[in-house]
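Mapping the sequence shown onto the numbering used here, position 235 (from 1) lands on 272, and the numbers just tick up by one. Yeah, the Cβ is synthetic: ideal placement off N, Cα and C, and Gly gets one too. Predicted model, so just to flag it, every value in this text is computed and none were measured. Report on the following structure.
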Amino acid sequence: MIDFLEEIFSTLKQNKLRAIMTGFSVSWGIFMLIILLGSGKGLEHGMEHNFADAVKNSIWVYSGQTSKSHDGLKAGRRIRFTNEDYELLKRKLSGIDNISGRLYLYDNLNINYKNEYANYQVTCVMPEFGKIQVMNFKKGRFINQLDFKNFRKVVVITQPVVDILMKKESNPIGKYIKLGGIPFKVVGVFENPENVKDITLYIPLSTGQKVFNGGNRIRNLAISTKATTVEENKAIESQLRNILARKHRFDPDDEKAIYINNTLEHFKQAQGAFAGIKGFIWVIGIMTIIAGIVGVSNIMIILVKERTKEIGIRKAIGASPASVIRLILYESVLITGIAGIVGLLLGMGLLFIVDKVITQMIEGGADQMNYIFNHPQADFNIAISATIILIIAGLVAGYVPAKRAAAIKPIEALHDE
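Set out below in structure tokens:
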């Protein structure tokens, strides 16, 4: 076996250029496949990140201004939501799981904890909002029904708020921070999966309306539905628009009166667009692999042709046709195997470097990268399978001419030029 390997390496040394050409075609094919698959995964992660902070079948409703006259009322009326709209939708809108009103305290409340001060927007929500907005809780809990019913002064904050305002506290739960000079008890700390740097504070809507003179106003509504298809979610959206149109007396076709963001519809559209991109990537990847296979095939044919005389000499001194074919094919396996691994490692290495660079950019403040391209990764099993396919293709391509050359009589092979 050792003598056989020494013979293979000796032959490869004598034909360095041919070995390099064969190996390069394999390495390049695998390298490009890895890069293409990794890039596709990076785009997919970017797309998914855009929908990471809310359940996929959610509907977000924002008040607007009428653009059409309707029911004797002129255009240009400002639509304003109140608690009555929440109660109306909760009672009449079918196919929903959870619904919550939201109110923003826009005055940039002075927020402080001991000697630390900041100015952040505070969002007033209902307990159901915790089932619509995705939150990764680090400590504590979200606002509950008792908090809402009893107008409790409690607050749920993100980890960055803790890091900035309460940096010396190992456990902020139970501590009090002041919102506009009023103490609120911290009951939960969470992280936004879409943006880990998000600075958000949530308090009960009932408390916000009462303590900060919000009256019965609601700025917008968040809804999670039971829909599993875009058509079902669109039907709920249409029903919602009609209910609010009757309540506020605007034309149901007036899209500027209220704005509706149908997350499931947008998610499915993004999935469809990505499916097209993914298909394109696979087409390019397969074409790259085919190009590599053709390259290996051509080089194997040339290899066998160049070695016809050598084969004749081997047969003249007693080598069997099978041993001749086996020698040539083993050389092919060795070249393509090593080259495939090199291409695989180079592709994985480049993706690793790109991932590190993008991560550093995001940590440095380029948060928009999270929504476009992040964490490029390639399926290792697919890459290994592609390498094996290339090796097998090289063997098949070389076997036919090698068998034909091995069948030539020694005297004829020795006269080959």
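Going by C-alpha distance, which of the options is nearest residue i?
i, options, result
"Arg115", "Val98, Ile297, Phe287 and Ala359", "Phe287"
"Val456", "Tyr143, Ala420, Ala282 and Ile180", "There is no way to answer for residue 456, as the model of the chain reaches only from 38 to 454."
"Ser243", "Val162, Lys315 and Glu269", "Val162"
"Leu202", "Ala420, Val226, Leu258 and Val433", "Val226"
"Ile236", "Thr262, Val433 and Val193", "Val193"
"Lys234", "Leu146, Gln158, Asn149 and Thr195", "Thr195"
"Leu387", "Phe61, Phe68 and Arg254", "Phe68"
"Leu146", "Ala359, Asn253, Val98 and Tyr239", "Tyr239"
"Ile426", "Ile390, Ile378, Gln397 and Asp392", "Ile378"
"Ile280", "Glu121, Leu432 and Val433", "Glu121"
"Gly349", "Arg178, Lys440 and Leu130", "Lys440"
"Phe166", "Phe185, Tyr150 and Lys151", "Phe185"
Could you pull the start and end residues of the beta strand (DSSP E) that residue i belongs to?
i, result
"Tyr213", "Tyr213 to Leu216"
"Gly177", "Asn173 to Gly177"
"Gly109", "Careful: Gly109 lies outside any beta strand (DSSP E) and carries neither H nor E."
"Pro220", "Ile219 to Glu228"
"Leu142", "Ile133 to Leu142"
"Pro509", "Nothing can be reported for residue 509: it is not among the residues displayed for the chain, which extend from 38 to 454."
"Ile194", "Val191 to Thr195"
Tell me, please, which residues DSSP counts as bridged to residue i.
i, result
"Phe118", "Ile255"
"Asn298", "Trp97"
"Ala456", "Only positions 38 to 454 of the chain appear in the structure, and residue 456 is not among them; the question remains open."
"Thr373", "Answer is none; Thr373 lacks a bridge partner."
"Ile20", "Nothing can be reported for residue 20: it is not among the residues displayed for the chain, which extend from 38 to 454."
"Gln102", "Arg115"
"Val162", "Arg139 and Pro241"
Can you say whether residue i is buried or exposed, counting buried as having 16 or more other CB atoms within 10 angstroms of its CB?
i, result
"Asn229", "buried"
"Ser64", "buried"
"Val224", "buried"
"Val394", "exposed"
"Gln246", "buried"
"Gly109", "exposed"
For the alpha helix (DSSP H) that contains residue i, what are its first and last residues?
i, result
"Ile354", "Looking at the DSSP string, Ile354 is not in any alpha helix (DSSP H), and its letter there is neither H nor E."
"Asn270", "Val267 to His285"
"Gln12", "Given that the chain is displayed from residue 38 to residue 454, the structure contains no residue 12 and the question cannot be resolved."
From the beta carbon of residue i, is the nearest beta carbon of chain D less than 8 Å away?
i, result
"Asn120", "Absence of chain D from the displayed structure is noted, only one protein chain being present."
Quiz prompt | Stretch pair the region 211–223 + the region 105–123: three plus CB contacts closer than 8 Å | solution = no
Quiz item: Per the contact definition of three or more C-beta pairs closer than 8 Å, is the region 126–140 in contact with the region 247–261?
Solution: yes
Quiz item: Should the region 71–79 be called in touch with the region 313–331, which here means at least 3 C-beta pairs below 8 Å?
Solution: yes
Exercise. Could you tell me whether the region 125–136 touches the region 144–156, where touching means 3 or more Cβ pairs closer than 8 Å?
Key: no
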